[in-house]
DNA sequence: GTGAAAGCGCTAACAG
DNA sequence: CTGTTAGCGCTTTCAC
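Chains as they are written, first to last, in our numbering: chain S, 798 to 1125; chain H, 798 to 1125.
In C-alpha cells form, the structure reads like this:
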C-alpha cells in the first residue's frame, strides 16, 4: 500500500504537499499535477485510519437500528444514506437486534472508531449515551426518545393510534381491539394510548383485554390475533401497532377466512411488500424515509458546528384508506 | 478521552502493561487489577483507530449489498451478523444501491479503514476487487460471482428457475411466462435460463416475448406484469425472478381480479411480509440467512489463516407449494 | 507556497 | 513478567 511518502518521493515534493493536494489546500499547479500523477501511478489511496487518528474523527456516520429486517427501519436507513452521501459522509448500519448489549457495543465502536456522529433508534429506554456525549460526540435519536438532551425525530405516534382507531369506527366496526409492541417501547405505548383516547378509558374494550402488548414482530402479531379471536365477545376489528404486527394479524385472519374487510384492520406503518387487495386495509402511513433524511440533516448541522439547544421534531403521518400496497 | 498513558500513570505501570491487559497477554495478577481499576475510574476505552493503524487491521467486517430495502439481503445480513458477532467481529452494512460507483466507494472505505475483510453481493459483474486483493484483503462474494478468484456462495439459480416453472406446469397452467431482473445480473439470467430449460428453447413462449427482463424491484414486477397481460395470447401463469418482482406481479394481478390461483404465480425467493392466502402462490424458497452464515464462516476461516484454493458453494433451494407467507 | 518535524494512541519488538 | 522505544500513515503548526 502506497503512502504519502512514496508519492512525495516520486513526485519530487514533500509529504506535506501531498497531503495538501488531497485535502484541498492551495498548492501550485505544477506540483499538484505531479502529485496526482504520482498518486495515480502508485494507486495511492489515503489511509483513513491514519487520517482519523490524526484528525480525531472520521467521515462516517453510524446508524444503529433495532431490527434490520424491518422495512420500516431499512427505509429510514435509505433516507439517512441519501443525505449523508451527498454531504460526503458514508453511513454504516449497525443492527442492535433490540438488544441493549449489542447496542452498547455498537455505540462503543462508534466512539472508539472516532466516527463523525451517530443516529440511533434506541433499543430500549435505558440506552446510555453519556460516554458519547461526554466526549462531545453528536448523536441524534430517531423513532424513540431518550433521557439525554439531544436532537430527536419521532412520529406522531399517539395521533397515529387515534387515526387508525377512528378510521375503523368510521367504517362501522363496533369492537375495535389493539395489538401493539412491548409496553417498554415508547412508540408501542403511545400508539396504544391513541387507541384508548378514542375508545375512552372506561370503555368495554379497554376493560376486556382488547389491548395486547406483544413483540414488534410478525409472530407477535399472529399470537396476539389468535388471542383476540378466542375472546368472547371477540372484537370485529383491530389496530396493529406496527407493520409487522399488521402482517401477522392479517395472516391469521386470512387463514381463518376473515380476510379484511370481513374483519377490520388498520395498521400503523406501511406494508411495503404486501399483496393485498386495495382498500381492504386502512394504513396510517409513517414517513420512515423522511424521518431518516430529517435525522441526517439535523446531525449534519451539528457536525457543521450548529450548537442551538436540542430540538425534537415530530413528523406528521398520513391516513391512507386505500391501497395498502401503494408505493411509499 | 483517556489514553493508556493516563491509565498507566494512575496504575503505576508502563503503557505496555496496560496494553497487555487489554490484549490478553499475561500480566501479574496485582498489576492487572491495578490497571483495570484505573481504567474503570478513567472510563478508559481503547482507541480502535490507533489500534487499527498499528495493527494494520480492525475487527470489523464490511458487508456490501445492492439493496438494503430488499428483505432477501437483510435476511442475509442477519446471517452474516450472527456468526461474525460470535467470533468477536462487528459488521457494518453498506448499501451500494446497485450502483457500481457507490460500491467502489464502499470497497475503498473497507480498504482504507483497514477492515478485517469484506463480504460483497456485487452490484454489477464489472466489480473490481483487485485493489483489495492486491492488498491481501480477504473478500468473499455472495449471491453473485465475480471474475476474481475468491470464495463465493451462491444460490442454485438455474435450478430454482426450473423448479418454479415446472411447478406451474404441473399445476396445469399452459402458457407460463417469466419476469426476471436485468440481464446483466447473473441471478436474473440464470433463473431465466432455468425457465427456458423447462419450456424448451424453441417453444412458443420463448419466441413470443414471454420473457421480460426488468429491474429487481416491485415497480419492475408491476410493469412487466402489465406488459404480459397485454399480450395476445396472454400467458396464464408467470415465474417471478425474485421476491420483489413477485410482489409487483401479484399486485397487478390482484388489481385486475386475477388473484392466484386464477393466474398462476411462482416466485423465486421468499415473500416474508406477504399476507396472501396460503397455497395460492408457489415459492422457491432461497436460504438467504444460510447464505449469510456460510459466507461469514468462509471469511472467518480466511481471517484465521486458511489459504486453500478459492471455493464456490452453491446452496440448495427448496420448493414450497404451500403458504407463501410461512416463516423462513 | 512549501518543507521539517511533532505527534494522534496504540502495539510489538527488544532488552532486561 | 515488565519497561523502553520505535513507528503505523497522516495532518498541521511553525518556520522559511
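From the three backbone atoms N, C-alpha and C, an ideal C-beta is built for every residue, glycine too.
| request: Measure the Cβ-Cβ separation of residue 947(S) and residue 937(S) and say whether it is below 8 Å. | output: Sequence index remark: in the first chain, residue 947(S) carries index 150 (1-based). Sequence index remark: in the first chain, residue 937(S) carries index 140 (1-based). With contacts defined as CB atoms closer than 8 Å, residue 947(S) and residue 937(S) qualify as a contacting pair.
| Along chain S, which residues have their Cβ under 7 Å away from the Cβ of residue 1047(H)? | The residue you call residue 1047(H) lines up with position 250 of the second chain. The answer, in chain order, is 1072.
| query | Cβ of residue 875(S) less than 8 Å from any chain H Cβ? | reply | Position 78 of the first chain, counting from 1, holds the residue named residue 875(S). Look at residue 875(S): its C-beta is under 8 Å from a C-beta on chain H.
| Contact between the segment 847-867 of chain S and the segment 901-920 of chain S: three or more CB pairs below 8 Å? | Yes, they touch.
| message | Taking 8 Å as the cut-off, does the segment 993-1004 of chain S touch the segment 1056-1064 of chain S (at least 3 CB pairs, one atom from each stretch)? | response | Judged by Cβ distances under 8 Å, the segment 1056-1064 of chain S makes no contact with the segment 993-1004 of chain S, as fewer than three pairs qualify.
| residue 846(H) vs residue 911(S) beta-carbon contact at 8 Å | Translated into positions along the second chain, residue 846(H) becomes position 49. Translated into positions along the first chain, residue 911(S) becomes position 114. In contact: residue 846(H) and residue 911(S) (Cβ atoms closer than 8 Å).
| task | Output the distance between the C-alpha atoms of residue 1113(S) and residue 987(S), rounded to the nearest integer angstrom. | result | Walking along the first chain from the start, residue 1113(S) turns up at place 316. Walking along the first chain from the start, residue 987(S) turns up at place 190. Taking the CA atoms as reference points, residue 1113(S) sits about 15 Å from residue 987(S).
| Supposed contact pair residue 1057(S) and residue 1077(S) - C-beta distance, whole angstroms, cut 8 Å | Looking up residue 1077(S) in the first chain gives position 280. Looking up residue 1057(S) in the first chain gives position 260. At roughly 4 Å, the Cβ-Cβ gap stays under 8 Å, so residue 1077(S) and residue 1057(S) are in contact.
| task | Answer yes or no: do residue 1011(S) and residue 978(S) have a C-beta to C-beta separation smaller than 8 Å? | result | Taking the first residue of the first chain as position 1, residue 1011(S) is located at position 214. Taking the first residue of the first chain as position 1, residue 978(S) is located at position 181. Yes; because the gap between Cβ atoms is below 8 Å, this pair is in contact.
| Under a CB-based cut-off of 8 Å, is residue 820(H) close to chain S? | Position 23 of the second chain, counted from the first residue, corresponds to residue 820(H). For residue 820(H), the nearest beta carbon of chain S is not closer than 8 Å to its own beta carbon.
| task | Check distances from the C-beta atoms of the segment 954-979 of chain S to those of chain H and list, in chain order, the residues that come in under 7 Å. | result | The residues in question: there are none.
| field | Rounded Cβ spacing between residue 1104(S) and residue 1083(S) (contact assumed at less than 8 Å) | value | Walking along the first chain from the start, residue 1104(S) turns up at place 307. Walking along the first chain from the start, residue 1083(S) turns up at place 286. The Cβ separation is near 30 Å, so there is no contact.
| query | Who does residue 1112(H) pair with in a DSSP beta bridge? | reply | Taking the first residue of the second chain as position 1, residue 1112(H) is located at position 315. Looking at the DSSP assignment, residue 1112(H) forms a beta bridge with 952(H).
| task | Would you mind giving the Cβ-Cβ distance between residue 992(H) and residue 1008(H), rounded to the nearest angstrom? I have them listed as a contact below 8 Å. | result | Taking the first residue of the second chain as 1, we reach residue 992(H) at position 195. Taking the first residue of the second chain as 1, we reach residue 1008(H) at position 211. With 8 Å as the limit, residue 992(H) and residue 1008(H) qualify as a contact, their Cβ atoms being about 7 Å apart.
| query | Under a three-way DSSP split, which group does residue 920(S) fall into? | reply | Along the first chain, one-based indexing puts residue 920(S) at 123. In this structure, residue 920(S) counts as coil in the three-state DSSP scheme.
| query | Span of the beta strand (DSSP E) holding residue 892(H)? | reply | The count along the second chain starts at 1 and reaches residue 892(H) at position 95. Its beta strand (DSSP E) spans residues 887-892.
| 7 Å Cβ shell around residue 964(H) - same chain, five flanking residues per side excluded | Numbered from its first residue, the second chain carries residue 964(H) at position 167. Contacts found: 1063, 1079, 1116 and 1118.
| task | Mind checking the segment 889-904 of chain H against chain S and listing, in chain order, the residues whose C-beta falls within less than 9 Å of any C-beta there? | result | Taking 9 Å as the Cβ-Cβ cut-off, the segment 889-904 of chain H approaches chain S at 889, 890, 891, 892, 894, 899, 902 and 903, given in chain order.
| said: Using only the alpha-carbon positions, how far apart do residue 900(S) and residue 990(H) sit? | reply: In the first chain, the residue the question calls residue 900(S) occupies position 103. In the second chain, the residue the question calls residue 990(H) occupies position 193. Answer to the nearest angstrom: the Cα atoms are 44 Å apart.
| Distance between residue 956(S) and residue 1037(H) (C-alpha atoms, nearest Å) | Residue mapping note: residue 1037(H) aligns to position 240 of the second chain, counting from 1. Residue mapping note: residue 956(S) aligns to position 159 of the first chain, counting from 1. Whole-angstrom Cα-Cα distance: 39 Å.
| said: Any C-beta of chain S within less than 7 Å: which residues of the segment 1018-1044 of chain H qualify? | reply: For the segment 1018-1044 of chain H, which is checked against every Cβ of chain S, the residues closer than 7 Å are 1044.
| task | Report yes or no: is there a C-beta of chain H within less than 8 Å of the C-beta of residue 847(S)? | result | Taking the first residue of the first chain as position 1, residue 847(S) is located at position 50. Closer than 8 Å: yes.
| According to the Cβ coordinates, are residue 857(H) and residue 889(H) closer than 8 Å? | Counting from 1 along the second chain, the entry for residue 857(H) is found at position 60. Counting from 1 along the second chain, the entry for residue 889(H) is found at position 92. Taking 8 Å as the Cβ cut-off, residue 857(H) and residue 889(H) qualify as a contacting pair.
| request: For residue 1084(S), return the contacting residues in chain H, with the cut-off set at a CB-CB distance below 8 Å. | output: Looking up residue 1084(S) in the first chain gives position 287. Within chain H, no residue comes near residue 1084(S); the closest Cβ sits about 15 Å away, beyond 8 Å.
| Which stretch, first to last residue, makes up the beta strand (DSSP E) that contains residue 860(H)? | By one-based count along the second chain, residue 860(H) stands at place 63. Segment 857-862, the beta strand (DSSP E) holding residue 860(H).
| So does the segment 828-840 of chain S actually touch the segment 825-842 of chain H, counting three or more Cβ pairs closer than 8 Å? | Taking a cut-off of 8 Å on C-beta distances, the segment 828-840 of chain S does not touch the segment 825-842 of chain H, as fewer than three cross pairs fall below it.
| Residues in the segment 855-885 of chain H having any Cβ partner in chain S nearer than 7 Å | Interface annotation for the segment 855-885 of chain H against chain S: 865, 866, 868, 871, 872, 874, 875 and 878, criterion Cβ-Cβ distance under 7 Å.
| task | With residue 1021(S) as the anchor, note down where its alpha helix (DSSP H) starts and where it stops. | result | Within the first chain, residue 1021(S) is the residue found at index 224, counting from 1. First-last of the alpha helix (DSSP H) with residue 1021(S): 1015-1026.
| said: Within the continuous beta strand (DSSP E) that includes residue 1010(S), where are the two ends? | reply: Residue numbering aside, residue 1010(S) sits at position 213 when the first chain is read from its first letter. In this chain, the beta strand (DSSP E) harbouring residue 1010(S) covers 1008-1010.
| said: Excluding the 5 residues flanking residue 1024(H) on each side, which residues of the same chain have their C-beta closer than 8 Å to its C-beta? | reply: Mapped onto the second chain, residue 1024(H) falls at position 227. 1009, listed in sequence order.
| First and last residue of the alpha helix (DSSP H) that includes residue 1087(H)? | Your numbering for residue 1087(H) matches position 290 in the second chain. 1085-1100 is the span of the alpha helix (DSSP H), which, as asked, contains residue 1087(H).
| field | Endpoints, the beta strand (DSSP E) within which residue 1064(S) is located | value | One-based indexing of the first chain puts residue 1064(S) at position 267. Boundaries of the beta strand (DSSP E) around residue 1064(S): 1061-1065.
| Using a Cβ cut-off of 7 Å, which residues of the segment 930-955 of chain S contact any Cβ in chain H, in chain order? | From the segment 930-955 of chain S, only 932 have a Cβ closer than 7 Å to chain H.
| field | Reduced DSSP secondary structure (H/G/I, E/B, other) of residue 1075(H) | value | On the second chain, position 278 is the one that residue 1075(H) refers to. Residue placement at residue 1075(H) is poorly supported in this model, since its pLDDT is 47, which falls under 50; the coordinates still yield a value, given next. Three-state DSSP puts residue 1075(H) in coil, outside helix and strand.
| message | Using only the alpha-carbon positions, how far apart do residue 1069(S) and residue 1031(H) sit? | response | The count along the first chain starts at 1 and reaches residue 1069(S) at position 272. The count along the second chain starts at 1 and reaches residue 1031(H) at position 234. Between residue 1069(S) and residue 1031(H), the alpha-carbon positions lie close to 28 Å from each other.
| field | Under 8 Å by beta carbon: chain H residues contacting residue 928(S) | value | The residue you call residue 928(S) lines up with position 131 of the first chain. Within chain H, the residues placing a beta-carbon under 8 Å from that of residue 928(S) are 840 and 842, ordered along the chain.
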